[in-house]
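S.K.: Each residue of the sequence shown is one higher than the one before, counting from -3 in the numbering used here.
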Amino acid sequence: MSLFWRLFLFNAAVLVAGAAVLLLGPATVSTPFFIAEALILAAGLIAMLVVNAILLRVGLAPLQRLARVMTTIDPLRPGARPAVTGHGEIADLIKAFNTMLDRLEDERATSSAVALSAQEAERHRIAQELHDEVGQTLTAVLLELKRVADQAPDRVATALHHVQETTRDSLDEIRRIARRLRPGVLEELGLVSALKALTTEVPPHTGLVARCHLDSDLPDLGDAAELVLYRVAQEGLTNTVRHAGATRLELSLLCRPSGVELLIRDNGCGLGGAPEGAGIRGMRERALLIGAQLALGPGSGGGTEVRLRVPTATKAAEHA
């Protein structure tokens, strides 16, 4: 039955019941009417309105639930669906909304996969250019500075040695940036070695001590899942260094019955009420690509906790 006819029948039932009470009841209305008769009519009208409001509330309750879901739905946290309740157009509307969410999540996952793949390719290209072009140029500059310094007077040689040190520091920084853009150690030595190397690259001036606990007998997750784990760990570590003001960080990669769990904890200032930035949104989008669950929140002892659960079915899904 359509929503129109349901509402029509609700109201018709209330009016028919009111008319029946007036016809069959002992109450009558005279001309001119008395106060008691007016009170009886007013009470009957109020009763009809109350019954009508209750019936409409019950009939439109599924629409209200759907409206609440619409205002709280987050594409980066998929899975929430309103239950199909009600009849007629209401049930059809909820089904159509759920179908639309399924389609939007599929399209978002596809577009995110394409965008992140292009991003990784661009990072690879930039890292290659930094290593091959800028790195080789600075290496040649270092060699030339050494040759000139060996032939220069002592005062000039001292100044040239300072320039050499500055150039060498710049070369090391460029190499570090290139490693972050393209995690070659992940491709060559695997995820465990890459995460260990990641925790050793914390700048000393930050005062942050990073420790890691990594299970060595990890299941074969596939290249996509390992890259997501590495990038999430990298972003979590970067956020801690830049924003948390922490002195201690623990990074764990553990085997669970359902898959692999990456856990990052620090003792910093926590997330507070700050809105999620592009880095956290990127972490959520990467997690969605492999069907993983990402949770961010306050840690048990303060600070921030990042937890990424990767199911073991990721490998099968990647080859499917």
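Built from N, CA and C at the ideal position, the CB exists for glycine as well.
Rounded to whole angstroms, how far is the Cβ of H209 from the Cβ of S166, which I believe are closer than 8 Å?
M.R.: Actually they do not touch by this definition, with Cβ atoms about 34 Å apart.
S.K.: Looking at the unbroken beta strand (DSSP E) that takes in E257, where does it start and where does it end?
M.R.: Looking at the DSSP string, the run of the beta strand (DSSP E) that includes E257 is 255 to 262.
S.K.: CB V198 to CB L191, shorter than 7 Å?
M.R.: Not closer than 7 Å, so no.
S.K.: Measuring alpha carbon to alpha carbon, tell me which residue in P149, A136, Q230, A288 is nearest L187.
M.R.: Nearest C-alpha to L187: Q230.
S.K.: Exposed or buried, what is I31 when buried is set at 16 or more other beta-carbons lying within 10 Å of its beta-carbon?
M.R.: Exposed is the call here.
S.K.: For H209, which beta-bridge partners are listed by DSSP?
M.R.: S248.
S.K.: Please list the terminal residues of the continuous alpha helix (DSSP H) segment that includes F139.
M.R.: Note that residue 139 is Leu in the sequence shown, not Phe. Counting along the chain, the alpha helix (DSSP H) containing L139 begins and ends at 131 to 147.
S.K.: For A313, which three-state DSSP category applies?
M.R.: Residue placement at A313 is poorly supported in this model, since its pLDDT is 43, which falls under 50; the coordinates are not used for a value here.
S.K.: Quick one: measure Cβ to Cβ for R303 and A288, integer angstroms, because I've assumed they're closer than 8 Å.
M.R.: The Cβ separation is near 10 Å, so there is no contact.
S.K.: Is it buried or exposed, L11, if we count other Cβ atoms within 10 angstroms and call 16 or more buried?
M.R.: Its Cβ having fewer than 16 others within 10 Å, L11 is exposed.
S.K.: Under the three-state reduction of DSSP, which class applies to G293: helix, strand or coil?
M.R.: G293 falls in the strand class under three-state DSSP.
S.K.: Helix or strand or just coil, what does DSSP make of V228?
M.R.: Note: V228 maps to helix in three-state DSSP.
S.K.: Of the residues L245, L89, V152, L100, which one's Cα is nearest the Cα of T202?
M.R.: Closest option to T202, Cα to Cα, is L245.
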